[in-house]
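**Student:**
Numbering (UniProt numbering), first residue to last: 1 to 177.
#1: Quick check on residue 50: does DSSP put it in helix, strand or coil?
#2: Checking contacts by CB at 7 angstroms: is residue 74 closer than that to chain B?
#3: Between which two residues does the beta strand (DSSP E) holding residue 171 run?
#4: Count the other CB atoms, across all protein chains shown, that sit within 10 Å of the CB of residue 123; report buried if there are 16 or more and exposed otherwise.
#5: Which value, in whole angstroms, describes the spacing of the CA atoms of residue 103 and residue 131?
#6: Going by the CB atoms, is the gap between residue 177 and residue 158 shorter than 7 angstroms?
#7: Who are the near neighbours of residue 10 in its chain, counting only those whose CB is closer than 8 angstroms to its CB and skipping five residues on each side?
#8: Please list, in chain order, all residues of the same chain as residue 51 whose beta carbon is under 8 angstroms from its beta carbon, the five residues on each side excluded.
#9: Between residue 44 and residue 121, is the Cβ-Cβ spacing less than 7 angstroms?
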């Protein structure tokens with residue numbers, strides 16, 4: 001069964017998006033990263049929050065637009081309270097966290113369900129459904145915005161691996177239950 005992985009690039013002060021969802025801060029830290037490049041083929045489906053799905057993309061309008069600088073192509077499940085009337089390619093809009101995760105897991109097979117969006121990750125953590133967290137730590141301080149985790153209580157993690165990259169170091173953890 002698919003493991004559920006939350007991945008994000010984070011500033012050293014804990015933000016994954018700047019004020020108002022601004023993602024332009026991320027541009028200088030995008031580029032070759034072996035951990036991210038090795039992850040993409042291990043993803044079988046993406047579960048993303050609606051704010052993240054419709055949010056700011058520093059590569060909008062280019063061939064690198066989308067998750068993992070445009071490298072991800074596959075089933076995407078968007079968790080939203082207000083799904084659009086019309087489908088968008090291989091994007092499925094879901095209104096229930098558990099149903100969305102079940103559909104994403106089925107689509108992922110034995111590969112990862114990759115979670116994008118702090119609120120979806122927080123909900124999965126609260127429900128005990130998140131298995132791993134991968135953070136790309138970028139050497140910048142944003143001072144405000146959307147935190148990687150803004151949940152209720154402490155979550156204990158166990159380090160699986162870490163690697164250095166010139167643009168952002170990768171820190172991979174298992175969620176202890």
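Just so it is clear, CB atoms sit at the ideal spot from N, CA and C, and this is done for glycine as well. Keep in mind the model is a prediction, meaning the values are calculated, not measured.
**Tutor:** Reading from the atomic positions:
#1: helix
#2: Looking at the structure shown, chain B is missing, and only one protein chain is on hand.
#3: 169-175
#4: buried
#5: 17 angstroms
#6: no
#7: 16, 135, 136, 137, 138, 148
#8: 21, 117, 119
#9: no
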